[in-house]
Amino acid sequence: MALSNGASELKAGPSTQAAAGAKLSALFAGTLGPLIGLVLLCLALSLTTDTFLTVRNILNVLDQVTVLGIMAIGMTLVILIGGIDLSVGSVLALAAMVMGFVAHPDHLNLGMPAGIVTALVVAGLCGLVSGLLVTVTKLPPFIATLAMMSVARGLANMITDGSQIIGFPDWFTSLSIIRHFGFLSVTVGLMIVLAIIFAIFLNYRATGRSLYAIGGSAEVARLSGIPVKSLTNWVYAICGVLAGLAGIVLAARLDSVQPSSGFGYELDTIAAVVIGGASLSGGVGSIGGTAIGVLIIGVLRNGLNLLGVSPFIQQVVIGVVIALAVATDTWRRRAQ
Amino acid sequence: MSLDPSHTQTPHLGLFVSGLCKSYGPVQVLADASFEVRPGEVVALLGENGAGKSTVSNIIAGSTKSDAGTITWRGKPYSPASPAAAIDAGVGMIHQELKLLPDLSVAENVYVGRLPMRGGRIDRAAMNARASAQLKRLGLDVSPERKVRTLRIAAQQQVEIAKALTLNAELLIFDEPTAALGSEETELLFQQIRKLKAEGMSFIYISHRLDEIAEIADRVVVMRDGRIVARHERADIPVRTVVEQMVGRSVERMFPPLSEPGSETLLEVENLSSPERSFQNVSFSVRTGEILGIAGLIGAGRTELVRAIAGADPISSGSVRVAGKPVHLNGPAAAIKAGVVLVPEDRKAQGVVLDQTIGENLAIGNFDHVAPNGWVFPKAVQKFAEAGISRLGVKGRPNQAISKLSGGNQQKVIIAKWISRPPKVFILDEPTRGIDVGARAAIYDVIADLARSGMAVVVVSSDLEEVLGLSHRVLVLSRGRQRGILDRSEASNVAVMELATS
Chain U
4 MALSNGASEL KAGPSTQAAA GAKLSALFAG TLGPLIGLVL LCLALSLTTD
54 TFLTVRNILN VLDQVTVLGI MAIGMTLVIL IGGIDLSVGS VLALAAMVMG
104 FVAHPDHLNL GMPAGIVTAL VVAGLCGLVS GLLVTVTKLP PFIATLAMMS
154 VARGLANMIT DGSQIIGFPD WFTSLSIIRH FGFLSVTVGL MIVLAIIFAI
204 FLNYRATGRS LYAIGGSAEV ARLSGIPVKS LTNWVYAICG VLAGLAGIVL
254 AARLDSVQPS SGFGYELDTI AAVVIGGASL SGGVGSIGGT AIGVLIIGVL
304 RNGLNLLGVS PFIQQVVIGV VIALAVATDT WRRRAQ
Chain E
2 MSLDPSHTQT PHLGLFVSGL CKSYGPVQVL ADASFEVRPG EVVALLGENG
52 AGKSTVSNII AGSTKSDAGT ITWRGKPYSP ASPAAAIDAG VGMIHQELKL
102 LPDLSVAENV YVGRLPMRGG RIDRAAMNAR ASAQLKRLGL DVSPERKVRT
152 LRIAAQQQVE IAKALTLNAE LLIFDEPTAA LGSEETELLF QQIRKLKAEG
202 MSFIYISHRL DEIAEIADRV VVMRDGRIVA RHERADIPVR TVVEQMVGRS
252 VERMFPPLSE PGSETLLEVE NLSSPERSFQ NVSFSVRTGE ILGIAGLIGA
302 GRTELVRAIA GADPISSGSV RVAGKPVHLN GPAAAIKAGV VLVPEDRKAQ
352 GVVLDQTIGE NLAIGNFDHV APNGWVFPKA VQKFAEAGIS RLGVKGRPNQ
402 AISKLSGGNQ QKVIIAKWIS RPPKVFILDE PTRGIDVGAR AAIYDVIADL
452 ARSGMAVVVV SSDLEEVLGL SHRVLVLSRG RQRGILDRSE ASNVAVMELA
502 TS
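Chains as they are written, first to last, in this note's numbering: chain U, 4 to 339; chain E, 2 to 503.
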């Protein structure tokens, strides 16, 4: 945040420009470092491969990050208030299984709309329970969501006794395949719209600003009359719903749902948010930053694939990037 | 009594403290402190909050370094680099907040860091037997294998003493040992001190309970503003004399003139009690334009009381009315809505969000004003912040990080946050703690202005001068009980301290 002030002051030329710069930097508060990283990464890949910088490949990257991107929006809210949600991968699987079970002709056969709504409700309830475990039972968020991670995974397996459900209507799977206007699939559009809505929410809504206050100091927020507990419950519930939505998007992409899906996604999600400049102690972070973090992970995977690097080495590289991103952020803060 | 330290330099193998000084930045917290502790005696160290008692003790116990001065202990120069070095030299300190490991056993706590070993493994049998012997010496009958967490505070304290004994301590410093003890437990502690004294151990005893001093101490040293102001060769001194020496005549300070309070009662507190009994049956009222000071020693329940009135902590019984209407105290939001606002005690942890700007800090708690439809626009925040900043003369801009401001300016931001509502009852807990003496006058002016504008103001402070200089009336708390409300005309240093130490 302080950095964005500095940046806008540096830019201070004609006052209108400065104001516009300040507005832009507010949306991408504290994300200059990750943004530079993303640009350098894209530059390097453009130079080393001839396939990276093609429209088709860029659209591929966007398609590939939809699930991660939608989950990361919810995780941004949770991390902003100083929490953590380890259950998103399991909740994703549970929501997908619930949708399949309710909608699929082999099971309840109640139609896709009923399946999607039920899935989102179940995912939201999972998040709400995590929230209540934090606010009422006073469990540390790590433990509360670790428990939910196990419970949701178990429930996802119980629905079909561990087997997958295959085959959804064409219109549903085409949501992630057909590119409207020549470039935008519905699922990518959904991710972008959600990101914009939540960016506006966090920047310009009183409730959004309150989340920053809670993360900065829950006690200051409480003494200022902000309903810390109920907002915390809401944030976990919304994070659950978004994880559920990501599960539905994944189902559309794969034309199937399986109880083992989303395994380990919580760590990718947390990594994206943290690479995007959010602080795990809360109060610092933005949707803009998270978008950059998601893109860094997406571009890195895509690029390493194009370069023919083995997936095992990819894991090593992503680990190094996480450490580097957070270390530079820490150094920069200390330097201030 | 004598102020000349030279006459006390009789040769013995006790502790000689001579000319100790300590400053933190520009603030001198200890100036030329000299006294002695002879073998087998208890010296009581008395003084108000912040008089320098803890600093002296911490230097002797090795947890703080002095800037100047020397200490001689058992005939040798002594300047411990760490608490461990002090312990090696036979000097131990029992802190007010006990430093035990609650999930380890009694014996493990006594021998932590030097567990008896045998063949590479902990010799539990020897450890338990030795710990047991020390506990028996103190007259404490608990199993050495019991977890410390399951013991009462008094017993935990004795575990600390037992630990010091096994470390062969010859001098023990007690910081407020009886603050958490009942009268029987206090008596037991005194018996133990007398017994150890007879064995030749020395004690420095810090307490706010002046009635105890005559019973346990042999001599008394009184401190004020970082200096030793009196040494008494005996302990049965009239409480009034000690109190006068403790509060003394301080430097003349600038307090703004107070305006006459109005006649309408704004805040009524009736029989308020806390669930933890940190305060009980407190009743008072404050009128428009009136400043009520709340005085008391640390732990008297002042902060707990005002936090409860502001809805920050739950109450067990009693009621609060603002302008005649009962306030449902179920959270800060309800209190703020009813017009009660609090400037909390710990500015950094409870008052400001350090990661945010001045403007953002001002907007927290005012979203109903800044964002009437829920939309927070940077321009509105900027305008709101500029109004608050200019009203209180904060030296800063709305988009500046609040962490870069001085303590005084941060405090003004917290006051500015609430001032625009406007509140009916303004509570300030330790409004000048950690603020430069020079910047305090500005805060005093702000507080007097709050009252002049018709609010009922409540000020809690450990600084007695401040309470007396700012308040129309002073409520005195001691150990959670209301000891009286003194009018400005009758509220003197001595009158307040007598009630506060009762």
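For every residue, glycine included, the Cβ atom is placed at its ideal position computed from N, Cα and C.
Here the structure is a predicted model, which is why all the values come from computation and not from measurement.
Ignoring anything shorter than 3 residues, give me the beta strand (DSSP E) runs that lie fully in the region 42 to 98 of chain E, in order along the chain. 43 to 47, 69 to 74, 92 to 95
Under the three-state DSSP convention, the category Y25(E) falls into: Residue numbering aside, residue 25(E) sits at position 24 when the second sequence is read from its first letter. Y25(E) falls in the strand class under three-state DSSP.
Coil, strand or helix - N160(U) by DSSP: The residue labelled residue 160(U) in the question sits at position 157 within the first sequence. For N160(U), the secondary structure class from DSSP, reduced to helix, strand or coil, is helix.
Can you say whether H329(E) is buried or exposed, counting buried as having 16 or more other CB atoms within 10 angstroms of its CB? Start at 1 with the first residue of the second sequence, and residue 329(E) comes out as number 328. The residue in question, H329(E), is exposed, as its Cβ has fewer than 16 Cβ neighbours within 10 Å.
Out of E146(E), G183(E), E467(E), A442(E), which one is the CA nearest neighbour of E431(E)? Here residue 431(E) refers to the residue found at position 430 when the second sequence is read from its first residue. With distances taken between Cα atoms, E431(E) lies closest to E467(E).
Contact criterion: CB-CB distance below 7 Å. Does F368(E) meet it with respect to chain U? Translated into positions along the second sequence, residue 368(E) becomes position 367. Yes - at least one Cβ of chain U is within 7 Å of the one on F368(E).
I'd like to know whether the C-beta of Q193(E) is nearer than 7 Å to at least one C-beta of chain U. For the purposes of this step, residue 193(E) is identified with residue 192 of the second sequence, where counting begins at 1. Q193(E) does not count as touching chain U.
My output table needs one value for A231(E): the three-state DSSP class, helix, strand or coil. Counting from one through the second sequence, the residue named residue 231(E) turns up at place 230. Judged by DSSP in its simplified three-state form, A231(E) adopts strand.
When the Cα of T73(E) is compared with those of H96(E), A32(E), G91(E), G15(E), which residue comes out closest? By 1-based counting over the second sequence, the position of residue 73(E) is 72. Looking at the Cα atoms, G15(E) is the closest of the given residues.
Given that F378(E) touches chain U, what residues does it touch there, using C-beta distances under 7 Å? Numbered from 1 along the second sequence, position 377 holds the residue referred to as residue 378(E). Going along chain U in sequence order, the residues near F378(E) (Cβ under 7 Å) are Y207.
By how many angstroms is the C-alpha of K396(E) removed from the C-alpha of S479(E)? Translated into the one-based positions of the second sequence, residue 479(E) becomes position 478. Translated into the one-based positions of the second sequence, residue 396(E) becomes position 395. When the Cα atoms are used, S479(E) and K396(E) turn out to be separated by approximately 38 Å.
Under 7 Å by beta carbon: chain E residues contacting E269(U): Your numbering for residue 269(U) matches position 266 in the first sequence. Within chain E, no residue comes near E269(U); the closest Cβ sits about 25 Å away, beyond 7 Å.
Tell me whether V38(E) sits in a helix, a strand or coil according to DSSP, three-state version. Translated into the one-based positions of the second sequence, residue 38(E) becomes position 37. Correct three-state label for V38(E): strand.
Give the residues of chain U in contact with Q412(E), contact being defined as C-beta atoms less than 9 Å apart. Numbered from its first residue, the second sequence carries residue 412(E) at position 411. What Q412(E) touches in chain U: nothing, since even the nearest Cβ is about 14 Å away.
Taking C-beta pairs closer than 8 Å, name the residues in chain U that G389(E) reaches, listed in chain order. Your numbering for residue 389(E) matches position 388 in the second sequence. Per Cβ cutoff of 8 Å: no residues; G389(E) is ~14 Å from chain U at best.
Which residues in the same chain have their Cβ closer than 8 Å to the Cβ of A106(U), if we skip the five residues on either side of it in sequence? Indexing the first sequence from 1 puts residue 106(U) at position 103. So the qualifying residues of the chain are N112, L113, G114, M115, A117, G118, I119, F171.
Within 10 angstroms of its Cβ, does P333(E) collect 16 or more other Cβ (buried), or is it exposed? In the second sequence, counting from the first residue as 1, residue 333(E) sits at position 332. Buried, since its Cβ has 16 or more Cβ neighbours within 10 Å.
Could you say which of R153(E), T179(E), Q193(E), Q97(E) lies nearest to Q135(E) if we only look at CA atoms? Working through the second sequence from its first residue, we reach residue 135(E) at position 134. Nearest option by C-alpha distance: Q193(E).
Please name the residues in the region 285 to 315 of chain U whose beta-carbon is closer than 7 Å to at least one beta-carbon of chain E, in chain order. Within the region 285 to 315 of chain U, the residues whose Cβ lies closer than 7 Å to some Cβ of chain E are G286, V287, listed in chain order.
Where L226(U) meets chain E, residues with beta-carbon distance less than 7 Å: As a working mapping, residue 226(U) is identified with position 223 in the first sequence. By Cβ distance, chain E contributes A313, P333, L343, P345, Q351.
Three-state class that DSSP yields for P116(U) in the structure shown: Counting from 1 along the first sequence, the entry for residue 116(U) is found at position 113. Reduced to three states, the DSSP call for P116(U) is helix.
Identify every residue that forms a DSSP beta bridge with F104(U). Here residue 104(U) is taken as the residue at index 101 of the first sequence, counted from 1. DSSP, once it has assigned bridges, lists no residue as partnering F104(U).
Span of the beta strand (DSSP E), counted from its first residue to its last, around F285(E): Here the question's residue 285(E) lines up with position 284 in the second sequence. It spans 283 to 288 - the beta strand (DSSP E) in which F285(E) sits, taken as one unbroken run.
With 7 Å set as the bound, which would you pick, yes or no: does the beta-carbon of V125(U) sit closer than that to a beta-carbon of chain B? Structure shown: chain B not included; protein chains present are U and E.
Considering only residues of the region 152 to 223 of chain E, which uninterrupted beta strand (DSSP E) runs meet the minimum length of 3 residues and lie entirely inside it, listed in chain order? 172 to 176, 203 to 207
Would you mind giving the Cβ-Cβ distance between N50(E) and I390(E), rounded to the nearest angstrom? I have them listed as a contact below 8 Å. To locate residue 50(E), count along the second sequence from 1; it is residue 49. To locate residue 390(E), count along the second sequence from 1; it is residue 389. Contact flag wrong, Cβ pair sits at about 32 Å.
For chain E, is any of its Cβ atoms less than 7 Å away from the one on V276(U)? Taking the first sequence and counting its residues from 1, one reaches residue 276(U) at position 273. No - not a single Cβ of chain E is within 7 Å of the one on V276(U).
Tell me whether R322(E) sits in a helix, a strand or coil according to DSSP, three-state version. As a working note, residue 322(E) is residue 321 in the second sequence. Note: R322(E) maps to strand in three-state DSSP.
List the residues of chain E that L34(U) touches, going by C-beta distances under 7 Å, in chain order. Counting from one through the first sequence, the residue named residue 34(U) turns up at place 31. Note that residue 34(U) is Thr in the sequence shown, not Leu. Those do not exist, as T34(U) stays about 15 Å from chain E at its closest Cβ, beyond 7 Å.
CB contact below 7 Å: V223(U) versus chain E: The residue you call residue 223(U) lines up with position 220 of the first sequence. It does; some Cβ of chain E falls within 7 Å.
Within the same chain, show all residues whose beta-carbon is closer than 6 Å to that of V353(E), passing over the 5 residues directly before and after it, in chain order. For the purposes of this step, residue 353(E) is taken as the residue at position 352 of the second sequence. Counting only Cβ-Cβ distances below 6 Å, and skipping sequence neighbours, we find N362, I403, Q411.
Looking at the C-beta of I316(E), does it have a partner C-beta in chain U at a distance below 7 Å? Position 315 of the second sequence, counted from the start, is the residue given in the question as residue 316(E). So no, I316(E) is outside the interface.
A275(U) - DSSP class collapsed to helix/strand/coil: Working through the first sequence from its first residue, we reach residue 275(U) at position 272. Residue state, collapsed to three classes: helix.
Cβ shell of K326(E) (< 8 Å), same chain only, five flanking positions each side left out: As a position in the second sequence, residue 326(E) is number 325, starting the count at 1. If we look at K326(E) and ignore the five residues flanking it on each side, its Cβ neighbours are A339.
Look up M118(E) in the DSSP assignment and say whether it is helix, strand or coil. As a first step, residue 118(E) is located in the second sequence; it is residue number 117 there, counting from the start. Three-state DSSP puts M118(E) in a strand.
If the cut is a Cβ gap below 8 Å, which residues of chain U does A386(E) touch? As a working mapping, residue 386(E) is identified with position 385 in the second sequence. Here the premise fails: no neighbours, minimum Cβ distance about 13 Å.
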